[in-house]
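Below is one structure, written out as structure tokens, with a few remarks after it.
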Amino acid sequence: MSTAAERAAQLDLVARLKSAYPELPDAPYPDMLDHDRITAYLKPVHDVGGEPDAPMKYVNKQYELWEHMTYVICEVLGWRGIWLSEERRRIGNVDVGRAEYLGLPYYGRWLLAVARVLVEKHHIGLTELSERMAEVKERYAGGLDGKTLEAAPKSEGDGSQVKRNKHAEEADGKGDPQCYAGQAGNAKFKVGDPVVVRELPVIFYTRTPEYVRGAKGEIEAVAYESPAAEDETWDRPAKPEWFYVVRFNMADLFDGYTGTADDVISTEIPEHWLESAK
Amino acid sequence: MTDHDHDHDHERTVAPMVDEITDFEVLEIALRELCIEKGIFTAEEHRLMTEFAEQIGPTPAAHLVAKAWLDPEFKKLALAEPMTASKEVGVDWLHPTGWGTPSDFTAFQILADTPTVHNVIVCALCSCYPRPILGNSPEWYRTPNYRRRLVRWPRQVLAEFGLYLPDEITVHVQDSNQKHRFMVMPLQPEGTEDWTEEQLVEIITRDCLIGVALPKAGVTTNVITDTRPAIHPGAAG
Chain A
1 MSTAAERAAQ LDLVARLKSA YPELPDAPYP DMLDHDRITA YLKPVHDVGG
51 EPDAPMKYVN KQYELWEHMT YVICEVLGWR GIWLSEERRR IGNVDVGRAE
101 YLGLPYYGRW LLAVARVLVE KHHIGLTELS ERMAEVKERY AGGLDGKTLE
151 AAPKSEGDGS QVKRNKHAEE ADGKGDPQCY AGQAGNAKFK VGDPVVVREL
201 PVIFYTRTPE YVRGAKGEIE AVAYESPAAE DETWDRPAKP EWFYVVRFNM
251 ADLFDGYTGT ADDVISTEIP EHWLESAK
Chain B
1001 MTDHDHDHDH ERTVAPMVDE ITDFEVLEIA LRELCIEKGI FTAEEHRLMT
1051 EFAEQIGPTP AAHLVAKAWL DPEFKKLALA EPMTASKEVG VDWLHPTGWG
1101 TPSDFTAFQI LADTPTVHNV IVCALCSCYP RPILGNSPEW YRTPNYRRRL
1151 VRWPRQVLAE FGLYLPDEIT VHVQDSNQKH RFMVMPLQPE GTEDWTEEQL
1201 VEIITRDCLI GVALPKAGVT TNVITDTRPA IHPGAAG
């Protein structure tokens, strides 16, 4: 039971959490947003490369048991055909939205992605999950108090009716991206070709970073064939294309770059994002 | 926590009087139980993946680099066929599923430093890292801070690790943002010419393989040693 004052206090806490431009009201009228701000709001939140930030103290961290177990669950769900890694990366790193992305611990987002995919794909009912969470919480009502953190499944299902993807069998003995080899046709670019990264509109997901869009680079390597991340992430058949490692001169890429004229950055980009540099 | 070893813990927002379990612990246990009950995965599969995850670490990568320093033919193999070379240090990239670890994929490349080029890796979008051969990434590698800044201010970030590169050395940042996984092969430092593989492995730290440090005779620890302890620690990490 919570008190009225506790409920009000939590609402106050939530109201202070901001992920919006402070100069704009909540739910602004359409004429109050320009293209740049709409792009900023729609930007996949994982794409932080190049955003200004001040130095901070870097530390290592010992894992909580739940963090380690979360990593394991994610990998087992991939192994057993519940999701592709590309679904996990979108659900946990982008679909969570800016407030959760920046506000939660790293593995907190991974764990929410597990819950999300199992509910969205109809493996677990949300009420069923809430009830089980309440039950687990009740089990440890007085705190750990000498007990260990452990899962206590009431049974073990046979799993034969669980809907799974075909990825495990298609990639078995080959690996990923090797399982897509030979499916993309001829590569459009070769090593040394000058290219420009297209400025495609972005909603929902991409792994082509904002900091290279519109920039000129050079093909450093013809990497492999695979569906582009924004196509592979939706659990539906997607056509593989060639990926390239593209090299950019940092002084050209970033206005006011403070290193030397020769410093470079390379990143991997799928073919449909590239065009020949004029 | 060398500079922070006093009793009270003012940095934690959650400082329970009783040893309460957290929201994430509750959610993780609930999900694991339901998955096993529904046969989404078995307890045995979960156990196998846990065992796999507990034994990965940076030691094979250090051996790979030491071998490459000692044997030019192996270095050629490591750069041309890095996953074949990985087998020589006990890492099969197709393990444990038969098609690799789902989050890491099976496209591995080693970036060899030269006298004029220094390589350093980052994943600006998440935390892509060659886990099968280097273990789990350090916490700082996953921070938005490192990811934001390394791609744009690499020399400043490297300086914060104590690595000051002269202008004659070109910085090559590798943003591993898709399916490739990268690791750095630094140059063998002076004064180690007659060392054995075991001696060399000691100075090839994880940080050297990320590219935020250079190996040096006598330096056997990572640059960042401060470690935030867990409240309910797990086995690995």
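Protein chains in written order, with my numbering: chain A, 1 to 278; chain B, 1001 to 1237.
Glycine included, every Cβ here is placed at the ideal spot set by N, Cα and C.
Every value quoted in this text rests on a predicted model; they were computed, and no experiment measured them.
| Item | Value |
| --- | --- |
| Residue-chain proximity (Thr-1221/B, chain A), Cβ-Cβ < 7 Å | no |
| Under 7 Å by beta carbon: chain B residues contacting Glu-67/A | Gly-1234 |
| Burial state of Thr-282/A (16 or more Cβ within 10 Å) | There is no way to answer for residue 282/A, as the model of chain A reaches only from 1 to 278. |
| DSSP three-state assignment for Thr-1050/B, whether helix, strand or coil | helix |
| Whole-angstrom distance between Val-117/A and Glu-131/A, CA atom to CA atom | 18 Å |
| 8 Å contact criterion, which Glu-225/A and Ala-184/A should meet: CB distance rounded | 4 Å |
| Reduced DSSP secondary structure (H/G/I, E/B, other) of His-68/A | helix |
| Proximal residues, the segment 224-243 of chain A versus chain B, C-beta separation under 8 Å | Tyr-224, Ser-226, Ala-229, Phe-243 |
| Through-space distance from Gly-217/A to Asn-1222/B, alpha-carbon basis | 34 Å |
| 7 Å Cβ cutoff, Asn-249/A in contact with chain B | no |
| Below-7 Å beta-carbon distance, Gly-1237/B vs any chain A residue | Annotation note: pLDDT 43 at Gly-1237/B (below 50); position unreliable, no value reported. |
| Test: Leu-111/A CB closer than 7 Å to a CB of chain B | yes |
| Distance between beta carbons of Met-69/A and Glu-1239/B, contact taken as under 8 Å | In the structure as shown, chain B starts at 1001 and stops at 1237, and residue 1239/B therefore has no counterpart that could be examined. |
| Neighbourhood of Gly-173/A by C-beta distance below 8 Å, restricted to the same chain and skipping five residues each side | none |
| Beta-carbon contacts of Pro-227/A that lie in its chain and below 6 Å, excluding the five residues immediately before and after | Ala-238, Pro-240 |
| Distance, Thr-1106/B Cα to Tyr-1129/B Cα | 12 Å |
| Partners in chain A for Leu-1214/B, counting only beta-carbon separations shorter than 8 Å | Within 8 Å Cβ-Cβ: nothing; Leu-1214/B doesn't reach chain A, min ~17 Å. |
| Runs of alpha helix (DSSP H) lying entirely within the segment 147-205 of chain A, each at least 4 residues, in chain order | 167-171 |
| Exposure label - Tyr-1146/B; buried when at least 16 CB within 10 Å | buried |
| Exposure label - Ile-38/A; buried when at least 16 CB within 10 Å | exposed |
| Distance between beta carbons of Glu-100/A and Arg-109/A, contact taken as under 8 Å | 7 Å |
| Environment of Arg-1113/B [buried if 16+ CB atoms lie within 10 Å] | In the sequence as presented, Arg is not what sits at residue 1113/B; that position holds Asp. Asp-1113/B should be labelled buried. |
| For Gly-1100/B, the nearest candidate out of Ala-215/A, Arg-80/A, Arg-98/A (CA to CA) | Arg-80/A |
| CB contact check: Asn-165/A to chain B, cutoff 7 Å | no |
| Exposure of Leu-77/A, with buried meaning 16 or more beta-carbon neighbours within 10 Å | buried |
| In DSSP terms, what Leu-1031/B is bridged to | Leu-1031/B pairs with nothing; no bridge assigned. |
| Inter-residue spacing [alpha-carbon to alpha-carbon] between Asp-1226/B and Val-59/A | 5 Å |
| Coarse secondary structure for Tyr-224/A, derived from DSSP in three states | strand |
| Chain B contacts from the segment 168-193 of chain A (Cβ-Cβ distance under 8 Å) | Ala-168, Ala-171, Asp-172, Gly-173, Lys-174, Gly-175, Asp-176, Pro-177, Gln-178, Cys-179 |
| Residues near Gly-192/A by beta carbon distance below 7 Å, same chain, minus five either side | Glu-218, Ile-219 |
| Test: His-1006/B CB closer than 7 Å to a CB of chain A | Because His-1006/B sits at a pLDDT of 49, beneath the cut-off of 50, its placement in the model cannot be relied upon, and the point is left open. |
| The beta strand (DSSP E) enclosing Gln-1156/B, as first and last residue numbers | Taken as a continuous stretch (DSSP letters only), Gln-1156/B belongs to no beta strand (DSSP E), being part of the alpha helix (DSSP H) at 1154-1160. |
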